[in-house]
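Chains as they are written, first to last, in my numbering: chain A, 1 to 215; chain B, 1 to 215. Note that CB positions come from ideal geometry on N, CA and C, so glycine has one too. From a predicted model like this one, the values you see are computed outputs, not experimental measurements.
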DNA sequence: GACGTTGTTATGCAAGTGTATAAATATTGG
DNA sequence: CCAATATTTATACACTTGCATAACAACGTC
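What follows is the structure, given as structure tokens:
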């Protein structure tokens with residue numbers, strides 16, 4: 001018979017542990033929703049014991065909020081990097097932005113599961129609500145700026161209202177295609193969603209965003 | 001001192017009780033997510049005691065599934081009634097369908113909260129996954145049929161692939177605008193989302209869906 | 001009006017929940 | 001190598017969870 005000794009452990013850096021706990025939380029939420037994110041499940045996945053959570057966060061609620069902020073930041077960051085790496089022509093910048101938003105790793109079931117689990121409570125939980133709204137408006141502003149650049153770059157005029165409507169519509173089509181792609185990615189060919197997204201925006205704006213390749 | 005007697009009660013019809021329990025479940029989910037849908041909370045809201053749930057459902061899981069099926073059916077039903085009540089011109093049928101999908105009661109925070117809470121688990125829970133996929137495909141088929149009618153009614157030809165892409169895009173824009181409207185309805189004017197949705201689809205299809213009113 | 005059926009309540013239970021606290025050990029500085 | 005520190009574990013506790021069971025009472029039937 002073995003006498004169970006006290007478990008060995010290593011002291012990790014503070015930031016590292018926080019990040020591990022957040023990642024473990026996101027894993028739990030992705031797999032079993034908010035219900036699955038119990039302190040014990042999170043700790044187990046992070047390779048520590050439950051009590052440690054309260055050493056890094058005031059309570060479970062704060063850990064969840066930090067996790068939500070992390071996943072949101074990660075998503076918007078991915079979309080923005082698509083803007084940074086691309087050439088100047090506003091139309092191709094917009095196309096690249098659309099493309100990036102509609103292929104992996106932005107299209108991703110895990111991310112979507114987490115998003116859905118949190119967003120379901122954004123209507124009733126005020127903190128989540130404002131967090132979402134801020135993220136949404138930030139994203140839409142990004143789109144609106146892009147559209148404005150496309151218009152001015154093409155020598156077309158658009159009122160503020162028109163810009164706003166275009167931004168709302170483009171944002172909606174990104175969101176809608178994103179949801180569909182995450183939930184049923186296997187129903188679409190590779191790159192099909194991006195193709196559809198770009199084509200739709202071209203039709204909506206009444207101009208081509210890509211250079212014609214095979215014409 | 002009052003001796004607490006046994007609680008008075010009435011025997012309700014079987015179908016009525018089931019429906020009450022489901023509605024109570026949806027209320028709980030809407031307000032506090034799946035975590036808030038405990039047997040005791042549900043029972044309390046339905047005005048019964050917890051044990052009764054197990055008299056009508058094998059377990060909590062089945063009650064949740066029945067609730068999900070109910071809310072999904074209600075949503076698709078609302079969209080379909082918009083089709084039944086409207087004139088024959090395919091273009092105006094499509095416009096009415098879009099309009100109906102983008103104003104209350106389809107645009108509704110409560111419905112959205114429930115949808116989000118369940119959909120977050122559609123990626124990991126197979127039962128929810130197939131349920132969603134069925135609902136999504138049904139909705140998209142509806143859209144595709146409408147688009148096909150619009151095309152043939154306007155004397156235009158479209159390949160199956162084109163129809164499919166249009167249906168996917170239109171479905172996406174409905175979904176996206178729906179999400180935005182539910183989560184931040186106060187950021188949009190009355191009917192603005194429907195306006196944007198119809199306008200976008202008009203641009204995508206390259207034809208007008210409404211009769212010009214002020215021209 | 002008494003009776004049996006069964007919808008409904010009340011109570012109990014084992015497992016799981018978040019949190020509080022104390023003990024233990026890994027790590028750092030001397 | 002030793003002492004100080006605070007990260008980490010371990011344990012306990014009050015509470016909630018879903019579910020099982022038994023008592024009860026509302027309703028239909030004779």
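Host alpha helix (DSSP H) of residue i (start-end)
{"i": "residue 111(A)", "result": "109-119"}
{"i": "residue 201(A)", "result": "192-205"}
{"i": "residue 126(B)", "result": "126-153"}
{"i": "residue 50(B)", "result": "Looking at the DSSP string, residue 50(B) is not in any alpha helix (DSSP H), and its letter there is neither H nor E."}
{"i": "residue 181(B)", "result": "160-183"}
Beta-carbon proximity of residue i to residue j, cut-off 7 Å
{"i": "residue 177(B)", "j": "residue 102(B)", "result": "yes"}
{"i": "residue 216(A)", "j": "residue 150(A)", "result": "Nothing can be reported for residue 216(A), as the shown portion of chain A is limited to 1 through 215."}
{"i": "residue 179(B)", "j": "residue 123(A)", "result": "no"}
{"i": "residue 36(A)", "j": "residue 113(B)", "result": "no"}
{"i": "residue 107(A)", "j": "residue 143(A)", "result": "no"}
{"i": "residue 153(B)", "j": "residue 90(B)", "result": "yes"}
{"i": "residue 135(A)", "j": "residue 72(A)", "result": "yes"}
{"i": "residue 20(A)", "j": "residue 45(A)", "result": "no"}
{"i": "residue 68(A)", "j": "residue 18(A)", "result": "no"}
{"i": "residue 147(A)", "j": "residue 160(A)", "result": "no"}
{"i": "residue 22(A)", "j": "residue 70(A)", "result": "yes"}
{"i": "residue 133(A)", "j": "residue 184(B)", "result": "yes"}
{"i": "residue 82(A)", "j": "residue 66(A)", "result": "no"}
{"i": "residue 39(B)", "j": "residue 60(B)", "result": "yes"}
{"i": "residue 173(B)", "j": "residue 173(A)", "result": "yes"}
{"i": "residue 209(A)", "j": "residue 196(A)", "result": "no"}
{"i": "residue 203(B)", "j": "residue 194(A)", "result": "no"}
{"i": "residue 25(A)", "j": "residue 63(A)", "result": "yes"}
{"i": "residue 116(B)", "j": "residue 116(A)", "result": "yes"}
What are the residues in the stretch 49-65 of chain A lying within 7 Å of chain B by C-beta distance?
Listed by position along the chain: nothing, the set is empty.
Can you pull out the residues from the stretch 88-120 of chain B whose beta carbon lies closer than 9 Å to at least one beta carbon of chain A?
Taking 9 Å as the Cβ-Cβ cut-off against chain A, the residues of the stretch 88-120 of chain B that qualify are 109, 110, 112, 113, 114, 115, 116, 117, 118, 119 and 120.
What are the residues of the stretch 144-167 of chain B that lie near chain A, defined by any Cβ-Cβ distance shorter than 7 Å?
From the stretch 144-167 of chain B, only 165 have a Cβ closer than 7 Å to chain A.
Within the stretch 27-96 of chain B, note down every full alpha helix (DSSP H) run reaching 4 residues or more, in order along the chain.
Counting only runs of 4 or more residues that sit fully inside the stretch 27-96 of chain B, the alpha helix (DSSP H) segments are 39-46, 53-56 and 60-84, in chain order.
Quick one, which residues of the stretch 166-184 of chain B are near chain A if we go by CB-CB under 8 Å, in chain order?
Identification of residues in the stretch 166-184 of chain B having a C-beta nearer than 8 Å to some C-beta of chain A yields 168, 169, 171, 172, 173, 174, 175, 176, 177, 179, 180, 182, 183 and 184, given in sequence order.
Contacting positions in the stretch 189-200 of chain A - beta carbon closer than 9 Å to chain B:
Residues 192, 193, 195, 196, 197, 199 and 200.
Closer than 9 Å, Cβ to Cβ, to anything on chain B: give me those residues from the stretch 122-139 of chain A, in chain order.
Hits within the stretch, in order: 122, 123, 124, 125, 129, 132, 133, 136 and 137.
Check each residue of the stretch 71-88 of chain B: if its Cβ is closer than 8 Å to any Cβ of chain A, include it; give the result in chain order.
Per Cβ criterion, the list is empty.
Contacting positions in the stretch 19-35 of chain B - beta carbon closer than 9 Å to chain A:
Listed in sequence order: 29, 30, 31, 32, 33, 34 and 35.
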